[in-house]
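Take any residue in the sequence shown, note its place counting from 1, add 1, and you have its number in the working numbering. Cβ atoms here follow ideal geometry from the backbone N, Cα and C, with glycine treated the same way. Beneath this line is the structure, given in structure tokens, with notes to follow.
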Amino acid sequence: MKKLAKQWSVFLALAVIVGCFALFATACGDDNNTKGYSVVVQYEDGTPVDGNSGTGGLNEDSVMVQFCVILANGETGTCYTQTKLGSDGKLTNNDLPALEEGQKYHVILNGLPADYTYDDIYMEKPGTVTITIKKA
């Protein structure tokens, strides 16, 4: 009987350890980006825009991303500090405050390579948007 109780104790301990590991792994994973606002910038052929290939920004050759709040009445509210786009064409901002009802973020690109443009992009909740830049 003691042997059976010992086996069950070991089994339950292992089950608890595995359960805790699974819980922490789930809590730590953020593959769906439920907190941050992510931007992927690419050319029409799908090639990422290198954040170092721009024409202005913090230095003369960087592509910058800026998030501005669009209020429920359509006016522009707070614009947050520009951040340099990565060399892989990606940027994630996990520090933006939560939006109030009816608000959205306007995603603005500054310092794009010469003669390139893009369509306006708005984000109403955390997640990822892809912006394709095109020759003007």
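In the three-state scheme derived from DSSP, where H, G and I count as helix and E and B as strand, L92 is classed as strand. Under the three-state reduction of DSSP, V70 is assigned to strand.
Between the C-alpha atoms of M124 and T82 there is a straight-line separation of about 17 Å. In this chain, K126 is not harboured by any beta strand (DSSP E), its DSSP state being neither H nor E.
Per the C-alpha coordinates, the member of E102, Y106, C80, L92 positioned closest to N53 is L92.
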